[in-house]
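Heads up, the thing below is written out as structure tokens.
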Amino acid sequence: MQKLLLLEDDISLVDGLTYSLKKNGFEIEVARTIREAEELFAKGGGFDLLLFDVTLPDGNGFTLCEKFRAGGAQIPIIFLTASDEETSVIRGLDCGGDDYITKPFKLGELCSRIRALLRRAGMQNTGEGILRSGDVVVDLTESRVFLGEKAVEFTGAEYRLLCLLLKNSGRVLTRGMILDKLWDGAGNFVDDNTLSVYVRRLREKLEKNPSQPEHLKTVRGFGYQWKE
Numbered sequence: 087m088q089k090l091l092l093l094e095d096d097i098s099l100v101d102g103l104t105y106s107l108k109k110n111g112f113e114i115e116v117a118r119t120i121r122e123a124e125e126l127f128a129k130g131g132g133f134d135l136l137l138f139d140v141t142l143p144d145g146n147g148f149t150l151c152e153k154f155r156a157g158g159a160q161i162p163i164i165f166l167t168a169s170d171e172e173t174s175v176i177r178g179l180d181c182g183g184d185d186y187i188t189k190p191f192k193l194g195e196l197c198s199r200i201r202a203l204l205r206r207a208g209m210q211n212t213g214e215g216i217l218r219s220g221d222v223v224v225d226l227t228e229s230r231v232f233l234g235e236k237a238v239e240f241t242g243a244e245y246r247l248l249c250l251l252l253k254n255s256g257r258v259l260t261r262g263m264i265l266d267k268l269w270d271g272a273g274n275f276v277d278d279n280t281l282s283v284y285v286r287r288l289r290e291k292l293e294k295n296p297s298q299p300e301h302l303k304t305v306r307g308f309g310y311q312w313k314e
């Protein structure tokens, strides 16, 4: 059974989520303040995923996320936010959050996002140096990409973008985060317009219908997401 930490101070929401998530097969620990969450985390709670409210009595979920990430914690984090404003969402993603969901939300959607992040976090390579997502297979040792049994040719930047997306499958990556990662240290800068071109090329090479992609999704106003 996978164990979740819910950091939320709304008692009615806590009760409803605790009941519903348990019914969906999750084990739940609840903290109502940042201090309580830190104490549970420090005790080695063995959490598989964290659900953080943003506004809390003794601070906010963003700063706690930053603190956990600074300490090396790689546990998936989903923000439960009352605001879907772009600045709030970007702040959550930039501070190390993996996803966000806006209140009020449907339980089915929350469970779907939780399971997607848990799959990504627990995804094991099928062999040494292999990334796999459906029919797409990347051989990291030889820098080769296959779609089914067919080898697909990629430029260096296209290959790096694909690997970045697959390694973060299910996670929304802002355009800024992607541009930072695609800077290769050799002065080969990728700008916003060039990124759009690379995304289009990946869709043309990997999607059945590039104009209606099933995997490389655009998250309007934020960036991109690779879906299994």
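Under this note's numbering, the letters of the sequence shown match residues 87 to 314, in that order.
Think of the CB as a built atom: it goes at the ideal place given N, C-alpha and C, for glycine as much as any other residue.
If you're wondering where the values come from, they're calculated on a predicted model, not measured in any experiment.
Go ahead and pull the three-state DSSP assignment for residue i.
| i | result |
| --- | --- |
| Leu204 | helix |
| Glu113 | strand |
| Asp317 | Examination of residue 317 is not possible in this model, given that the chain is present from 87 through 314 alone. |
| Val238 | strand |
| Thr104 | helix |
| Thr280 | helix |
| Lys291 | helix |
| Lys89 | strand |
| Ser125 | Per the sequence presented here, residue 125 reads as Glu, with Ser not at that position. DSSP places Glu125 in helix when its eight states are reduced to three. |
| Glu244 | helix |
| Ser297 | coil |
| Arg286 | helix |
| Asp266 | helix |
Spell out the partners DSSP gives residue i in its beta bridges.
| i | result |
| --- | --- |
| Asp225 | Ile216 and Arg230 |
| Val305 | Gly309 |
| Leu259 | Tyr310 |
What does a CB cutoff of less than 7 Å around residue i pick up in its chain, not counting 5 residues either side in sequence?
| i | result |
| --- | --- |
| Gly147 | Leu93, Phe138, Asp139, Val140 and Phe165 |
| Glu172 | Gly307 |
| Cys197 | Asn110 |
| Val175 | Tyr186 and Phe308 |
| Cys151 | Phe138, Ile163, Cys181, Gly182 and Gly183 |
| Gly132 | Lys89 |
| Leu233 | Asp221, Val222 and Leu292 |
In its own chain, which residues sit with a C-beta less than 8 Å from the C-beta of residue i, not counting the 5 before and 5 after it?
| i | result |
| --- | --- |
| Thr188 | Thr167, Ala168, Ser169 and Asp170 |
| Lys108 | Ile114 |
| Cys249 | Leu217, Val224 and Leu226 |
Which same chain residues end up closer than 6 Å to residue i when comparing Cβ atoms and leaving out the 5 residues on each side of it in sequence?
| i | result |
| --- | --- |
| Pro162 | Leu135, Asp184, Leu203 and Ala207 |
| Leu251 | Trp312 |
| Glu113 | Met87 and Lys89 |
With a cut-off of 8 Å, do at least 3 Cβ pairs link the segment 298–309 to the segment 255–266?
-> Segment contact: the segment 298–309 against the segment 255–266, three or more CB-CB distances shorter than 8 Å; contact assigned.
Can we say the segment 288–299 touches the segment 148–167, given the rule of at least three CB pairs closer than 8 Å?
-> no
Counting only runs that start and end within the segment 144–210, where is the beta strand (DSSP E) found for 3 or more residues in a row?
-> Every beta strand (DSSP E) stretch that sits fully inside the segment 144–210 and reaches 3 residues is listed by chain position as 163–167 and 185–188.
On the three-pair Cβ rule with 8 Å, is the segment 219–227 touching the segment 189–200?
-> no
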